[in-house]
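These protein sequence lines map, in sequence, to chains H and G.
For the first sequence, our numbering puts the final residue at 195, and the numbers step up evenly by one.
For the second sequence, our numbering puts the final residue at 831, and the numbers step up evenly by one.
A virtual CB, placed ideally from N, CA and C, is assigned to each residue, including glycine.
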Amino acid sequence: MKPFLLTAIAFVALPALSGLLPELNLTTARLDLHLPLIVFLALTGTGIEGAFGAFAIGYLVDVHSGHPMGLFLSASMFTYVLARLFAPVVEPRSRWSFAVLALLFDLAYGFFTLALAAMSPLTASGSASSVLLTAPLTALAAWLLWPLLALIERRKKRGERGALTLR
Amino acid sequence: MRAFLKRYRELIIVGTLLVFPIAVWLTHAKHGRDLSALDRVVLTATAPIERAVNGVVFAIIDTVEDFTNRQEVHAENLELRRRVIRLEGEVAALGEVRMENERLRQTLGFVESAPAPLLPARVVGEGVSHNLIALKIDKGLADGLKPNMAVLSHQGVVGRVQSVAHTSASVVLVADESASVPIRVQRSRARGTVVGRGPGEDFALIRMQRTDDIKEGDLLVTSGTDGIFPKGLPVGRVASVERPHHGMFLSARVTPAVDLSCPDSLHEELFVVTSLPGSDESQEANLVQEPRP
């Protein structure tokens with residue numbers, strides 16, 4: 029249920045961001061709005077469902093990038109796997125810790141994307157500075173999204189609580 | 539085999555989901571790819587959201603810009619109004635200065651060509667009696683004023699000094715019914731007397747023989763025979779002449795040279811003739827006196 033909800037959020041949020049970006053006038057940096065969702069899935073979700081959720085979100089990013097060649101889908105899945113590796117030792121418990129985690133994983137996402145993009149003549153390779161500028165904006169997005177994500181997590185846990193239920 | 543797949547199911551699926559897009563990327567990185575049917579469906583489905591958000595953002599920006607523009611226009615409007623008010627004030631002040639300049643030029647010309655020494659005086663009040671049309675001026679005994687001194691403006695005869703206090707004097711205007719001024723017709727030199735007929739009324743011309751040469755538009759000037767007014771000062775212009783079939787005298791209506799019914803014309807500079815030409819006191823007169831403290 030959680031991956032589905034997060035994919036739905038991405039389904040609405042990404043075109044919304046796409047409609048908003050021309051007015052934000054962000055020439056160097058971009059806002060990786062999907063990344064907090066992927067990180068949240070990786071750190072709190074179950075493995076297979078989370079992986080499919082991350083895949084779906086990555087696919088949406090790729091489609092909305094204007095150049096769907098698998099670049100952002102690959103980077104999203106890479107970030108998901110990386111976050112999954114840290115999941116046993118890292119748990120976001122507050123807004124600020126989640127924002128910091130989103131910032132760190134967005135740096136990894138950004139540099140991985142740079143590395144992949146360098147292989148293609150069709151994609152602008154970008155720059156390290158744009159990655160460094162994007163990461164704080166993504167952290168801000170994570171900070172803003174946290175209440176919604178925490179609400180989804182609480183509802184999930186309430187649904188899972190206890191095997192016996194009163195009828 | 540099944541046990542292996544079951545045990546590493548998550549790893550295999552996640553690995554596949556990671557490797558597959560990288561493989562797709564590596565395949566299409568050099569040459570690119572067209573949108574797939576699924577891509578088009580996703581883009582079509584999300585396009586309304588994109589348009590809606592963009593529309594809302596545009597609407598907000600338009601509203602903010604509109605509000606900002608209104609604020610700017612309002613501020614500019616206020617500033618322009620302030621400037622208009624200030625400029626109108628300046629224009630009015632310039633008009634006032636121009637008129638004052640014109641009046642002072644006329645006054646200067648009048649003073650320079652005056653037939654007798656003149657003492658400038660200002661009107662400081664008006665007489666309160668209904669029977670006497672009088673003004674109060676700011677000069678008196680201390681300035682050498684005496685009763686029956688002539689009072690003029692640059693346009694002509696105004697009146698004569700009636701009573702004198704230490705620092706002020708009362709002036710009876712020519713328009714008063716008790717006032718009379720001996721005159722000559724400037725053109726024909728015919729003689730007569732102008733008398734006042736009350737406030738706002740034209741003067742009356744009397745004691746002019748029926749056969750004398752006078753007509754409408756003639757300028758009447760003081761004859762100087764009364765020992766009050768120097769000769770040659772404008773008194774008025776003939777407005778109408780009536781010559782009766784019988785009797786010695788004609789009658790005429792005279793428009794005053796100085797508009798005595800208009801307070802503004804009297805509240806400018808007036809001049810008191812402190813001595814007549816040829817009199818012994820002429821040496822006492824000063825055209826310009828030091829103002830009293």
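Close Cβ partners of residue i (< 6 Å) along its chain, the five nearest in sequence each way excluded
{"i": "arginine 830 of chain G", "result": "Model confidence at arginine 830 of chain G stands at a pLDDT of 38, short of 50, so the residue's coordinates are unreliable and nothing is read from them."}
{"i": "leucine 177 of chain H", "result": "Phe68"}
{"i": "asparagine 745 of chain G", "result": "Sequence check: residue 745 of chain G is arginine here, not asparagine. Cβ within range, chain order: Gly730, Thr731."}
{"i": "threonine 193 of chain H", "result": "A caution first: threonine 193 of chain H carries a pLDDT of 46, below 50, which makes its placement in the model unreliable, though a value can still be read off. So the list is empty, once near-sequence residues are dropped."}
{"i": "serine 820 of chain G", "result": "The predicted position of serine 820 of chain G is uncertain, since its pLDDT is 41 and thus under 50; a value taken from the coordinates is nonetheless stated next. Excluding sequence neighbours, serine 820 of chain G sits near Ser813."}
{"i": "alanine 103 of chain H", "result": "Tyr137, Phe140, Thr141"}
{"i": "alanine 742 of chain G", "result": "Val733, Arg735"}
{"i": "glycine 663 of chain G", "result": "Lys674"}
{"i": "arginine 112 of chain H", "result": "Ala70"}
{"i": "glycine 627 of chain G", "result": "none"}
{"i": "methionine 637 of chain G", "result": "none"}
Distance CB(residue i)-CB(residue j) smaller than 9 Å
{"i": "alanine 654 of chain G", "j": "aspartate 681 of chain G", "result": "no"}
{"i": "leucine 101 of chain H", "j": "glycine 86 of chain H", "result": "yes"}
{"i": "leucine 71 of chain H", "j": "leucine 165 of chain H", "result": "no"}
{"i": "proline 768 of chain G", "j": "alanine 688 of chain G", "result": "yes"}
{"i": "leucine 61 of chain H", "j": "alanine 38 of chain H", "result": "yes"}
{"i": "valine 776 of chain G", "j": "threonine 760 of chain G", "result": "no"}
{"i": "leucine 758 of chain G", "j": "valine 723 of chain G", "result": "yes"}
{"i": "arginine 571 of chain G", "j": "methionine 97 of chain H", "result": "yes"}
{"i": "phenylalanine 787 of chain G", "j": "arginine 748 of chain G", "result": "yes"}
{"i": "isoleucine 752 of chain G", "j": "alanine 790 of chain G", "result": "yes"}
{"i": "leucine 63 of chain H", "j": "isoleucine 180 of chain H", "result": "no"}
{"i": "leucine 48 of chain H", "j": "valine 595 of chain G", "result": "yes"}
{"i": "aspartate 764 of chain G", "j": "arginine 725 of chain G", "result": "no"}
{"i": "leucine 132 of chain H", "j": "alanine 163 of chain H", "result": "yes"}
{"i": "serine 708 of chain G", "j": "valine 699 of chain G", "result": "yes"}
{"i": "proline 31 of chain H", "j": "glycine 73 of chain H", "result": "yes"}
{"i": "glutamate 715 of chain G", "j": "glycine 734 of chain G", "result": "yes"}
{"i": "valine 712 of chain G", "j": "leucine 642 of chain G", "result": "no"}
{"i": "isoleucine 560 of chain G", "j": "leucine 88 of chain H", "result": "no"}
{"i": "aspartate 740 of chain G", "j": "threonine 793 of chain G", "result": "yes"}
{"i": "isoleucine 551 of chain G", "j": "isoleucine 76 of chain H", "result": "yes"}
{"i": "lysine 544 of chain G", "j": "serine 148 of chain H", "result": "no"}
{"i": "leucine 771 of chain G", "j": "valine 695 of chain G", "result": "yes"}
{"i": "leucine 99 of chain H", "j": "tryptophan 563 of chain G", "result": "yes"}
Bridge-paired residues (DSSP) for residue i
{"i": "lysine 674 of chain G", "result": "G:Gly663, G:Ser708"}
{"i": "arginine 791 of chain G", "result": "G:Ala742, G:Ser778"}
{"i": "valine 702 of chain G", "result": "G:Ala707"}
{"i": "proline 772 of chain G", "result": "G:Val759"}
{"i": "proline 658 of chain G", "result": "G:Phe809"}
{"i": "valine 695 of chain G", "result": "G:Leu690"}
8 Å Cβ shell around residue i - same chain, five flanking residues per side excluded
{"i": "alanine 127 of chain H", "result": "Ala167, Leu168, Ala170, Trp171, Trp174"}
{"i": "serine 46 of chain H", "result": "His92"}
{"i": "leucine 656 of chain G", "result": "Val649, Leu690, Phe809, Val810, Val811, Thr812, Ala823, Leu825"}
{"i": "arginine 547 of chain G", "result": "none"}
{"i": "histidine 847 of chain G", "result": "With chain G running from 539 to 831 in the structure shown, residue 847 of chain G is simply not present."}
{"i": "glycine 785 of chain G", "result": "Arg748"}
Beta strand (DSSP E) segment containing residue i, residue limits
{"i": "glycine 730 of chain G", "result": "729-733"}
{"i": "threonine 760 of chain G", "result": "757-760"}
{"i": "isoleucine 721 of chain G", "result": "718-723"}
{"i": "alanine 688 of chain G", "result": "688-691"}
{"i": "phenylalanine 809 of chain G", "result": "807-811"}
Sequence-distant residues of the same chain with beta carbon closer than 7 Å to residue i, five excluded per side
{"i": "alanine 136 of chain H", "result": "Thr107, Leu110"}
{"i": "valine 702 of chain G", "result": "Gly678, Leu679, Leu683, Lys684, Pro685"}
{"i": "alanine 44 of chain H", "result": "none"}
{"i": "valine 779 of chain G", "result": "Ile752, Lys753, Glu754, Leu788, Ala790"}
{"i": "arginine 121 of chain H", "result": "none"}
{"i": "threonine 645 of chain G", "result": "His692, Glu807"}
{"i": "alanine 41 of chain H", "result": "Leu61"}
{"i": "threonine 35 of chain H", "result": "Gly81, Ala84, Ile85"}
Residue i - containing alpha helix (DSSP H), residue span
{"i": "glutamate 614 of chain G", "result": "575-651"}
{"i": "glutamate 754 of chain G", "result": "First-last for glutamate 754 of chain G: undefined, no H or E at that position."}
{"i": "alanine 136 of chain H", "result": "123-145"}
{"i": "glutamate 77 of chain H", "result": "75-92"}
{"i": "glutamate 548 of chain G", "result": "547-566"}
{"i": "alanine 115 of chain H", "result": "Neither: alanine 115 of chain H is in no alpha helix (DSSP H) and is coded neither H nor E."}
{"i": "phenylalanine 68 of chain H", "result": "62-72"}
Closer than 8 Å: residue i CB and nearest the ligand NAD heavy atom
{"i": "serine 813 of chain G", "result": "Questions concerning the ligand NAD fall outside what the structure shown contains, since it holds no ligand whatsoever."}
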